[in-house]
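Notes follow once the structure below has been shown.
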Amino acid sequence: AQSVTQPDIHITVSEGASLELRCNYSYGATPYLFWYVQSPGQGLQLLLKYFSGDTLVQGIKGFEAEFKRSQSSFNLRKPSVHWSDAAEYFCAVGADSGAGSYQLTFGKGTKLSVIP
Amino acid sequence: EPEVTQTPSHQVTQMGQEVILRCVPISNHLYFYWYRQILGQKVEFLVSFYNNEISEKSEIFDDQFSVERPDGSNFTLKIRSTKLEDSAMYFCASISTSADQETQYFGPGTRLLVL
Chain A
13 AQSVTQPDIH
23 ITVSEGASLE
33 LRCNYSYGAT
43 PYLFWYVQSP
53 GQGLQLLLKY
63 FSGDTLVQGI
73 KGFEAEFKRS
83 QSSFNLRKPS
93 VHWSDAAEYF
103 CAVGADSGAG
113 SYQLTFGKGT
123 KLSVIP
Chain B
36 EPEVTQTPSH
46 QVTQMGQEVI
56 LRCVPISNHL
66 YFYWYRQILG
76 QKVEFLVSFY
86 NNEISEKSEI
96 FDDQFSVERP
106 DGSNFTLKIR
116 STKLEDSAMY
126 FCASISTSAD
136 QETQYFGPGT
146 RLLVL
């Protein structure tokens with residue numbers, strides 16, 4: 013079965029600093045990989061996704077992530093964090109269910125705090 | 036931009052009562068999902084639904100749960116006899132006609148509290 017590990021429960025960065033959120037996955041085949049963001053009391057918003065092709069993917073709000081098969085990682089990065097980026101970030105892997113769709117397995121999330 | 040909607044946003048119920056959570060997926064989408072997130076924990080897959088039948092379900096999705104697409108727009112999750120541990124945020128998601136390389140779009144969630 014697939015799994016996702018986000019080793020950092022909580023990260024605090026200063027506004028304007030760079031950010032990297034770590035994500036490692038376990039899956040037997042080539043995974044579909046996603047990063048979602050959740051603000052308090054809100055739903056899940058997709059930041060970016062990887063299905064195939066270029067391993068460096070660009071997302072919304074200036075985020076990017078790089079798929080590294082050798083490390084089973086899909087780390088999220090942003091060169092300069094804004095106060096509005098404070099939220100919880102979830103990495104997810106999509107496992108083909110063989111039924112024409114895929115189910116998402118999420119990590120436990122990393123809560124990002126931004127110091128003004 | 037089209038979006039997935041869910042009602043109600045919050046629901047409080049007594050243990051043992053039945054609840055129905057409603058979702059309106061994006062109009063041209065054909066694959067539908069329910070996930071839940073217990074407070075402070077990760078989001079967990081419950082069930083996927085396609086062509087008016089369940090395509091996959093997790094071990095969480097036991098006989099107390101059922102899903103239905105009663106008309107052309109709504110997608111519902113029913114919990115027959117709620118338990119305290121059913122308290123969670125429930126998210127609906129949908130994908131468009133071709134599930135391959137498509138994105139699951141999530142609704143804002145329904146926060147269920149069982150007393």
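Sequences listed follow chains A and B, in order. In terms of the working numbering, the first sequence has 111 at position 99, counting the first letter as 1, and numbering is strictly consecutive. In terms of the working numbering, the second sequence has 146 at position 111, counting the first letter as 1, and numbering is strictly consecutive. Ideal Cβ positions, reconstructed from N, Cα and C, are used throughout, including at glycine.
| query | result |
| --- | --- |
| Tell me the rounded alpha-carbon separation between L88/A and G106/A. | 17 Å |
| Hey, could you find the ends of the beta strand (DSSP E) T117/B is sitting in? | No beta strand (DSSP E) holds T117/B; DSSP gives it neither H nor E. |
| Mind checking if Y125/B is an interface residue toward chain A, Cβ cutoff 8 Å exclusive? | no |
| Ignore the nearest five residues each way along the sequence and tell me which others in I23/A's own chain have a CB closer than 8 Å to its CB. | L31, L33, T122, K123, L124, S125 |
| Would you mind stating whether Q50/A and F102/A have Cβ atoms separated by less than 8 Å? | yes |
| Taking only the alpha-carbon atoms, compute the straight-line gap between E76/A and A128/B and give it to the nearest angstrom. | 23 Å |
| With a CB to CB cut of under 6 Å and the five nearest residues on each side skipped, what residues in its chain are close to L58/A? | Y48 |
| Note the first and the last residue of the continuous beta strand (DSSP E) segment covering D108/A. | 99 to 108 |
| Going by C-alpha distance, which of K80/A, K61/A, F86/A is nearest I72/A? | K61/A |
| Got a sec: is the Cβ-Cβ distance from Q139/B to anything in chain A below 8 Å? | yes |
| Can you give the Cα-Cα distance for N62/B and D121/B, rounded to whole angstroms? | Inspection of the sequence shows that residue 62/B is occupied by Ser rather than by Asn. So the two alpha carbons sit approximately 29 Å from each other. |
| Quick one: Cα of N87/B to Cα of G107/B, how far? | 11 Å |
| I'd like to know whether the C-beta atoms of Q72/B and R57/B end up nearer to each other than 8 Å. | no |
| By the criterion of Cβ-Cβ separation under 8 Å, what are the contact partners of K120/A in chain B? | Q76, K77 |
| Among D20/A, H94/A, L45/A, whose alpha-carbon lies nearest the alpha-carbon of I127/A? | H94/A |
| Contact criterion: CB-CB distance below 8 Å. Does F96/B meet it with respect to chain A? | no |
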